[in-house]
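For the sequence shown, the UniProt record's numbering assigns the number 1 to the initial residue and increments by one for each residue that follows.
Structure, as structure tokens:
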Amino acid sequence: MDYMANFGLTGKRALVTGGGRGIGLEIARALGQAGAAVIIAELDENGAAAAAAGLEAQGVRASYRVIDVTKPDTVTTLADHLNADQPIDILINNAGIARTAEALDTSDEDWLATMRVNSDAAFWCSRAFGRHMVARRSGNIVNIGSMCGTVVTQPQNNTAYITSKGAIHMMTKSLACAYAKHNVRVNAVAPGYVATEMTLPLKIENSSWHNRWVEQTPLGRLAEPHEVASAVLFLASPAASYCTGTILAVDGGYTSW
Ligand code: NAD
């Protein structure tokens, strides 16, 4: 067994939703460095263009598509279009939003928007791209869940976000069972707090929250995006060939107390 070769993705094609910045961009970099051609599927055109150009400058084969992944018809059209050209072997459902609101103050719009991006869109993508993977009997999907899908985080209240991540974890297991007989694996990474533009404004506005996050994390710090990307690379690679339905915690020990 050539163990290091087993982490390689040469000849593969990967699509990363929300890959224009943060964790998604780092995942695109990791998969690209492992040899995959990466496509960033992103709402923010400027962010996507800059991300793809930056990756290309580092020798990664990268391109981008501007898309709102909450639109199922658009997602299906993109999946059919890309797969007609060349198969998409790896799908990373990373796009997500976080809106902080006490449960009683959560608006209809906040609730629905959170579910649409964090849960519904991951299903639309897993269905549209998964259909081609199932037909080819080859492919693999990694969802970005959260430790919030396992435990209730503190001190901020995030009922909509927590619910959406719980849904992603169970969707991962359900699709893993549904697609396994077609040789398609479905796994998730469950990060703890990660230093990105999602958490930075909360940290700046409310340093007591940040202090609490660090105190409650055994490793005593937030994660860097590359630490999540490394776990995604493992699950997306042949090294994880016997993993499906796995929820891999990358949370600095947060859920271990
Ligand atoms: P981020 O806000 O920095 O990046 C999210 C990206 O998703 C942005 O580029 C955004 O434009 C894109 N996006 C949002 N809605 C979209 C849509 N409808 N269609 C296409 N793209 C869309 O966030 P991040 O911190 O990099 O988080 C990435 C993922 O990791 C999310 O699913 C998030 O819930 C999860 N996560 C983050 C943390 C954390 O602490 N940052 C912890 C656990 C899990």
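Glycine is no exception: its CB is placed at the ideal position from the N, C-alpha and C atoms.
Predicted, not measured: the structure shown is a model, and the values here were computed from it.
With fewer than 16 other Cβ atoms from the protein chains shown falling within 10 Å of its own Cβ, Gly220 counts as exposed. Of the residues Arg131, Tyr193, Ile141 and Pro155, the one whose Cα lies closest to the Cα of Thr77 is Arg131. In its chain, beyond the 5 residues on either side, Asn140 and Thr244 have a beta carbon closer than 6 Å to the beta carbon of Arg185. Distance check between Gly166 and each of Leu15, Ile204 and Gly149 places Gly149 closest, using alpha-carbon atoms only. Between Gly35 and Thr196, the C-beta spacing is not below 7 Å.
Rounded to whole angstroms, Gly253 and Ala84 show a C-alpha spacing of 43 Å.
Pairing Gly18 with Asn94 gives a Cβ-Cβ distance under 7 Å. Cβ contact annotation for Gly96 (same chain, cutoff 7 Å, sequence separation greater than five): Gly18, Val117, Asn118 and Ile144, in chain order. Secondary-structure assignment with DSSP links Leu248 through a beta bridge to Val189. Spatial neighbours of Glu45 in its own chain (CB-CB distance under 7 Å, excluding positions within 5 residues in sequence) are listed in chain order as Val66. One thing to note: Val60 has its Cβ within 7 Å of the Cβ of Gly32. If you look at Leu15, you'll find it in the beta strand (DSSP E) that goes Arg13 to Thr17.
Every beta strand (DSSP E) of 3 residues or more that sits fully in the region 140-209 is shown, in chain order, as 184-191. Taking 6 Å as the cut-off, the C-beta of Ala95 counts as close to a heavy atom of the ligand NAD.
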